[in-house]
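Chains as they are written, first to last, in our numbering: chain S, 8 to 400; chain V, 3 to 214. C-beta: ideal position from N, C-alpha, C; glycine also.
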Amino acid sequence: MLRKLLFRTQDFKQLFIAIVGAFIGLTFLITSFHYLVRVNEFGEDTEILGRNILIAQRKVTSSSSLGITKTDFEKEELSEMRQETFIDDIQPIVSNNFSVWLETNDKYVPPFRTDAFIQAVNRSFLDVHSKRWKWHKKSRFVPIIMPREFIVMLNTFMSASDIPQVSDELAMSIFFKIRISNGKQEEWYDAKIIGFTNQISALLVPEEFMSYANEKFAAGVPGKITQVMIASKEGKFGELEQYMDDHGMESKRDQMAISRLKSIVGTLLGVITGVSVIALLMSSLVLLQYLQLLISNNYYEIRTLLRQGFHPNNLIKSFWFYFIKLFAIIASIGFIAFILLKILVDHLLIAGGIALKSSLSVEAILALIISLILFAIASYWTARNGVMKWFNV
Amino acid sequence: MKIELKQIIPIPLADSIKKESFWGNDWVFESGERILLNAASGKGKTTFTHLLTGLRSDYSGEIKMGGKSIQTFGMDDWTILRKEKIAVVYQDLQLFTQLTVAENFSLKLQLTHCLELDFAREMLEKVGLSNRWNDKCEVLSMGQKQRVAIIRSLLQPFEWLILDEPFSHLDRENARICMGIIKQRVDELKAGFVLTTLDPSDEMPVNRKINL
Chain S
8 MLRKLLFRTQ
18 DFKQLFIAIV
28 GAFIGLTFLI
38 TSFHYLVRVN
48 EFGEDTEILG
58 RNILIAQRKV
68 TSSSSLGITK
78 TDFEKEELSE
88 MRQETFIDDI
98 QPIVSNNFSV
108 WLETNDKYVP
118 PFRTDAFIQA
128 VNRSFLDVHS
138 KRWKWHKKSR
148 FVPIIMPREF
158 IVMLNTFMSA
168 SDIPQVSDEL
178 AMSIFFKIRI
188 SNGKQEEWYD
198 AKIIGFTNQI
208 SALLVPEEFM
218 SYANEKFAAG
228 VPGKITQVMI
238 ASKEGKFGEL
248 EQYMDDHGME
258 SKRDQMAISR
268 LKSIVGTLLG
278 VITGVSVIAL
288 LMSSLVLLQY
298 LQLLISNNYY
308 EIRTLLRQGF
318 HPNNLIKSFW
328 FYFIKLFAII
338 ASIGFIAFIL
348 LKILVDHLLI
358 AGGIALKSSL
368 SVEAILALII
378 SLILFAIASY
388 WTARNGVMKW
398 FNV
Chain V
3 MKIELKQIIP
13 IPLADSIKKE
23 SFWGNDWVFE
33 SGERILLNAA
43 SGKGKTTFTH
53 LLTGLRSDYS
63 GEIKMGGKSI
73 QTFGMDDWTI
83 LRKEKIAVVY
93 QDLQLFTQLT
103 VAENFSLKLQ
113 LTHCLELDFA
123 REMLEKVGLS
133 NRWNDKCEVL
143 SMGQKQRVAI
153 IRSLLQPFEW
163 LILDEPFSHL
173 DRENARICMG
183 IIKQRVDELK
193 AGFVLTTLDP
203 SDEMPVNRKI
213 NL
């Protein structure tokens, strides 16, 4: 009877609009949260959305060719750049200042020997993560990271020459020897490839090995820093690009393109999440406003019931439970709509060559639960304020 | 439950109060007492009803119920008071006009659980409205509404019944019938009542008559 009295003045047209709004907002929120998480995971695996890192060097100009301007970086300069608000981190790429030879040392592989150029970068900038990436003075083994483009080029050549191609696994199983020398003294180390990088076009060795070798074999000549790796802060790539332009720095065109793409994708994902949250907030507000309207349309009934001896909490619960149930039903329908939408979107993505993880993301379900909890709190306070206004009047 | 009034003066009436008035003096209504409050319009009969039920707090002085100042009452105290200790027939009746007579009674009984709906039907029959059981209150005349409101007020336990001009739209015969059912229920519960009226000739047996 109480419910019949309190809910008889419903404007079903307005209620329908509020329900549709909340349904769209919720479905949009779960879907965008789910794909935000899945696209991020996918992006990290494929380096689309990881840290926005690029390799920068000074532009070579006529004046630098003539030695009027320099093309290397001073350590103080790097410290200053590190202070910039758009730079997350900056680390030098250290090159060898001594002679390096690399040769095969494997009975199953034909002998092969070459002069080599090696570099070292801070571990945090590497796209290869391996426990074997370490070196200390007593170690006779040096791990190597090979540029991916090198093995691609090698396999293209082998294929054209009718020689069997080399897989990643095979390349990583070959034993090498690495020789370092300054003409007066030399040292030999065992070496093996432990991974392939897409970032740097040189053989990479651990920083510790490079420091040791440069100190011992470079005869006191300090190594010049001609390249640096820069990680820009989220959404601030544009500022870094402007800075590089102003300071005569450049990067490889494809790296710049990838960095721009990362910046765009990161910003877009942020915008989609923001829009989803706003959509849900707006639709929840419509529902809450409907609750307020229902309470104010029933002010006479509420006031009279309170005068008759009905406890305010009974009336608050009547309104609250009704709206919680309504929101739960909307959330359930929204969830079903999300599942159907997900099947369709996943299908389209697979057809487009993007295979995202197909399981439901915990974050999307959490977003739904948190929405429900927040709506429950907001609707309780709306119902409480609306009812208590008529107590003792 | 004893009701004590200590120098109560409603703020809107403060300037027009005379020394011999009800307002501004001390009064004690003993448990089970039957009191007639008589006054012309605008003297504060409805205000008095609203003060006792906590609907107004714009007054000076102190009101105690059962020895406790009503100014210290919280939400739970007022709710229990209205549900179990004080029944009221408001001057504007406070019926749910969109509901039927039966539904108005059901709603009250849903709150109090103290009587069966048949009891309400019997009383409705006594006041000559048995044919109105399923009619919405909005279609009833003022006199019929008054009788429904009186019956509804009796469908709860109470120690005091506050009646704010309950017979104003009733003819003498219907007023007499209503007085009868009120007296029967008040006797049954050993309760008291406060009847406010414009007409001092109301034939309700009382212990005390007070002029506002």
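Worksheet item: What residue from V:H52, V:V91, V:K128 and V:A89 has the CA that sits closest to V:F72's CA?
Response: In the sequence as displayed, the identity of residue 72 of chain V is Ile instead of Phe. Shortest Cα-Cα distance from V:I72 to any of V:H52, V:V91, V:K128 and V:A89 involves V:H52.
Worksheet item: Does V:T198 have its Cβ less than 8 Å from a Cβ in chain S?
Response: It does not: the Cβ of V:T198 has no partner Cβ on chain S nearer than 8 Å.
Worksheet item: Does S:V400 get closer than 8 Å to chain V when you measure Cβ to Cβ?
Response: It does: the Cβ of S:V400 has a partner Cβ on chain V nearer than 8 Å.
Practice prompt. Closer than 8 Å by beta-carbon distance: list the chain S residues that pair up with V:G56, in chain order.
Written response: Those are N399, listed as they occur along chain S.
Worksheet item: Looking only at C-alpha atoms, which of S:S368, S:L367, S:M256 and S:V352 sits nearest to S:I361?
Response: Put simply, of S:S368, S:L367, S:M256 and S:V352 the residue whose alpha carbon is nearest the alpha carbon of S:I361 is S:V352.
Worksheet item: If we cut at 8 Å on Cβ distances, does S:S8 have a partner in chain V?
Response: Here residue 8 of chain S is Met; the residue named in the question, Ser, does not match the sequence. Chain V contact via Cβ: present.
Discussion item. For S:F148, list the residues DSSP reports as bridge partners.
Written reply: BP columns for S:F148 point to S:D197.
Practice prompt. Can you give me the start and stop residues for the beta strand (DSSP E) that V:M67 sits inside?
Written response: Looking at the DSSP string, the run of the beta strand (DSSP E) that includes V:M67 is Y61 to M67.
Discussion item. Using CA atoms only, rank isn't needed, just tell me which of S:F132, S:R15 and S:P213 is closest to S:S102.
Written reply: Nearest option by C-alpha distance: S:P213.
Worksheet item: Since S:Q234 and S:I100 are thought to touch, with beta carbons under 8 Å apart, how far apart are those beta carbons, to the nearest angstrom?
Response: Sure, about 4 Å apart at Cβ, within 8 Å.
Worksheet entry | Proximity below 8 Å, CB of V:T55 to CB of V:V90 | Yes, the Cβ-Cβ distance between V:T55 and V:V90 is below 8 Å.
Worksheet item: Hey, does S:Q17 have any beta-carbon neighbour from chain V nearer than 8 Å?
Response: So, not an interface residue.
Discussion item. Please confirm whether S:F326 has its beta-carbon closer than 8 Å to some beta-carbon of chain V.
Written reply: No, S:F326 lies away from the interface with chain V (no Cβ there is under 8 Å from its Cβ).
Practice prompt. Tell me, please, whether the segment 153 to 169 of chain V touches the segment 108 to 116 of chain V by the rule of three or more beta-carbon pairs shorter than 8 Å.
Written response: Judged by Cβ distances under 8 Å, the segment 153 to 169 of chain V makes contact with the segment 108 to 116 of chain V, as three or more pairs qualify.
Practice prompt. Starting from the beta carbon of V:F98, find every residue of chain S whose beta carbon is closer than 9 Å, and list them in chain order.
Written response: Result: L12, Y307, E308, T311 and L312.
Practice prompt. Give the single residue among S:P319, S:R10, S:F398 and S:Y250 whose Cα lies nearest to the Cα of S:F93.
Written response: Distances from the CA of S:F93 to each of S:P319, S:R10, S:F398 and S:Y250 were compared; the closest alpha carbon is that of S:Y250.
Item to complete: Please work out which residues of its chain come closer than 7 Å, Cβ to Cβ, to S:Y306, disregarding the five sequence neighbours upstream and downstream, and give them in chain order.
Response: Excluding positions up to five away in sequence, the list reads W397.
Worksheet item: What does DSSP give as the partner residues of V:P12 in its beta bridges?
Response: In the DSSP output, where bridge partners are listed per residue, V:P12 has V:Y61.
Fill in: Opposing strand residues paired with V:K211 [DSSP bridges]
DSSP lists V:L38 as the bridge partner or partners of V:K211.
Item to complete: Quick one: residues in its chain with C-beta nearer than 6 Å to the C-beta of S:T34, no 5 flanking neighbours on either side, listed in chain order?
Response: Excluding residues within five positions, the ones whose Cβ falls inside 6 Å are G341, A344 and F345.
Practice prompt. Classify V:A193 as helix, strand or coil using the three-state DSSP reduction.
Written response: V:A193 falls in the coil class under three-state DSSP.
Item to complete: Compute the Euclidean distance between the alpha carbons of V:T99 and V:F50, then round it to the nearest angstrom.
Response: C-alpha of V:T99 to C-alpha of V:F50: approximately 25 Å in a straight line.
Worksheet item: Would you say S:I207 and S:R139 are within 8 Å of each other, going by their C-beta atoms?
Response: S:R139 is positioned such that its CB atom lies no closer than 8 Å to that of S:I207.
Worksheet item: Can you find a CB in chain S that lies within less than 8 Å of the CB of V:S71?
Response: With 8 Å as the cut-off, V:S71 does not count as an interface residue toward chain S.
Worksheet item: Of all the alpha helix (DSSP H) runs that stay within the bounds of the segment 131 to 181 of chain S, which reach a length of 4 or more residues?
Response: Correct list: 155 to 167 and 175 to 180.
Worksheet item: Nearest-angstrom Cα distance between S:M105 and S:G255?
Response: Sequence inspection shows Phe at residue 105 of chain S; the Met mentioned does not correspond to that position. C-alpha of S:F105 to C-alpha of S:G255: approximately 29 Å in a straight line.
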